[in-house]
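Numbering (full-length UniProt numbering), first residue to last: 1 to 261. Note that CB positions come from ideal geometry on N, CA and C, so glycine has one too. Bear in mind the structure is a predicted one, so any value in this text is a computation, not a measurement.
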Amino acid sequence: MQGLKISGFKAGYTKRQVIDNLNVERLPRGKITVLLGPNGCGKSTLLRSLAGLNQAQGELWLNGEELTALPFARRASRVVYLPQSLPAGVHLHVLESIIVAQRASGGRSSAASEAEVMALLQQLGIAHLALSYLDQLSGGQKQLVGLAQSLIRRPELLLLDEPLSALDLNYQFHVMDLVRRETRLRNIVTVVVVHDINIALRHAEHVLMLQNGELIADGRPEEVITPESLARVYGVQGRIERCSQGVPQVLIDGLVAAPAF
Numbered sequence: 001m002q003g004l005k006i007s008g009f010k011a012g013y014t015k016r017q018v019i020d021n022l023n024v025e026r027l028p029r030g031k032i033t034v035l036l037g038p039n040g041c042g043k044s045t046l047l048r049s050l051a052g053l054n055q056a057q058g059e060l061w062l063n064g065e066e067l068t069a070l071p072f073a074r075r076a077s078r079v080v081y082l083p084q085s086l087p088a089g090v091h092l093h094v095l096e097s098i099i100v101a102q103r104a105s106g107g108r109s110s111a112a113s114e115a116e117v118m119a120l121l122q123q124l125g126i127a128h129l130a131l132s133y134l135d136q137l138s139g140g141q142k143q144l145v146g147l148a149q150s151l152i153r154r155p156e157l158l159l160l161d162e163p164l165s166a167l168d169l170n171y172q173f174h175v176m177d178l179v180r181r182e183t184r185l186r187n188i189v190t191v192v193v194v195h196d197i198n199i200a201l202r203h204a205e206h207v208l209m210l211q212n213g214e215l216i217a218d219g220r221p222e223e224v225i226t227p228e229s230l231a232r233v234y235g236v237q238g239r240i241e242r243c244s245q246g247v248p249q250v251l252i253d254g255l256v257a258a259p260a261f
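Given below as structure tokens:
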């Protein structure tokens with residue numbers, strides 16, 4: 001079966017289980033799946049666990065092959081995880097860091113790699129930063145470099161944890177359009193964590209909604225994001241209306257319950 005199938009998946013940490021018995025029949029190839037849910041519901045833990053970076057039990061099938069049965073190196077060549085922030089203290093300039101990421105997954109010659117990297121940086125609007133060092137960049141610029149490092153590796157499964165959090169509104173739209181285009185072009189499974197529900201309504205083709213480590217809803221955005229699910233999961237009174245372009249968007253009228261921290 002093409003896509004990602006998740007069966008009986010449990011994940012967490014030594015003293016705490018976060019994801020409990022998650023079952024998803026299929027996350028499709030060539031489409032963006034957005035992972036939604038309130039703070040602390042297990043979104044980041046799930047992404048790290050899908051990448052093999054957290055303790056987990058259960059089965060993961062990617063394009064008909066069981067991921068959990070693969071050696072870590074082989075799994076890492078097929079699955080790319082982008083955390084919320086890049087590691088600090090890496091003394092490389094942008095171009096070098098992306099070429100290193102490409103070679104780590106079996107990239108081509110340095111000449112071919114450099115041409116491909118520059119084309120990708122141009123698409124992201126940061127070609128002028130190619131020779132800048134990573135520690136000289138802003139938070140948003142680092143997020144764009146991390147995205148370039150992820151895309152250049154040509155994964156089968158791309159996991160992006162809040163890739164828009166440090167980007168302005170214009171760049172959020174630009175980056176999501178680019179990710180959707182690359183997802184379709186390369187026919188990969190892409191899972192993105194975002195907090196902005198309207199980003200999901202505009203850019204996602206599939207949505208998973210979590211609450212307390214459990215799957216609440218799974219399906220098309222308009223099926224998952226409803227006034228009922230907004231009240232249940234986020235504690236807000238909301239409604240869905242369409243903007244001038246016909247795209248659905250959430251409008252919040254008030255709180256159903258005060259948030260619990």
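Assign ARG154 to one of three DSSP states: helix, strand, or coil.
Correct three-state label for ARG154: coil.
Three-state secondary structure (DSSP) of GLY246:
coil
As assigned by DSSP and simplified to three states, the class of ARG16:
Taken through DSSP and simplified to helix, strand or coil, ARG16 comes out as strand.
So what's ASN39 in DSSP terms, helix, strand or just coil?
coil
Min CB distance SER85 to chain B below 8 Å:
Judged by its chain identifiers, the structure shown contains no chain B, having just a single protein chain.
Closest to GLN211 by CA distance: which of PRO221, GLY235 and ILE188 is it?
For the residues PRO221, GLY235 and ILE188, the minimum Cα distance to GLN211 belongs to GLY235.
Report the partner residues of GLU228 according to the DSSP bridge assignment.
Note: GLU228 sits in no beta bridge, so no partner.
Could you check if ASP161 is buried or exposed, using at least 16 other CB atoms within 10 Å of its CB as the buried criterion?
buried
Proximity of GLY3 and PRO28 at Cβ, strictly below 8 Å
yes
Roughly how many whole angstroms lie between the Cα atoms of SER165 and GLY139?
Spanning the two alpha carbons is a distance of roughly 9 Å.
Proximity below 8 Å, CB of LYS10 to CB of ALA56
yes
Hey, is the segment 221 to 237 in contact with the segment 45 to 52, meaning 3+ C-beta pairs nearer than 8 Å?
no
Taking the straight line between their C-alpha atoms, what separation do you get for GLN17 and LEU185?
36 Å
Do three or more CB pairs link the segment 171 to 178 to the segment 119 to 127 at distances below 8 Å?
yes
Specify the secondary structure class of ASP177 as computed by DSSP and reduced to three states.
Three-state result, ASP177: helix.
Give the DSSP-derived three-state secondary structure of SER44 in the structure shown.
helix
With a threshold of 8 Å on Cβ separation, who are the neighbours of VAL100 within its own chain once the five nearest residues in sequence on each side are excluded?
LEU92
Along the chain, where does the alpha helix (DSSP H) containing GLU100 start, and where does it finish?
First, the residue type needs correcting, since residue 100 is Val and not Glu in the sequence shown. VAL100 -> alpha helix (DSSP H) spans 94 to 104.
Check this for me: beta carbons of MET209 and LEU50, under 8 Å apart or not?
no
Are the beta-carbon atoms belonging to GLN102 and ARG153 less than 8 Å from one another?
yes
If you drop the 5 nearest sequence neighbours on each side, which residues of the same chain put their C-beta closer than 7 Å to that of ASN198?
GLN249 and VAL250
Alpha carbon to alpha carbon, how far is LEU120 from PRO163?
16 Å
Local Cβ density within 10 Å of VAL175, reported as buried at 16 or more and exposed below that:
VAL175 is classed as buried because its beta carbon has at least 16 other beta carbons within 10 Å across all chains shown.
If I measure Cβ to Cβ from GLY213 and keep anything under 7 Å in the same chain, skipping five residues before and after, which residues do I get?
VAL18, ILE19, ASP20, CYS41 and GLY42
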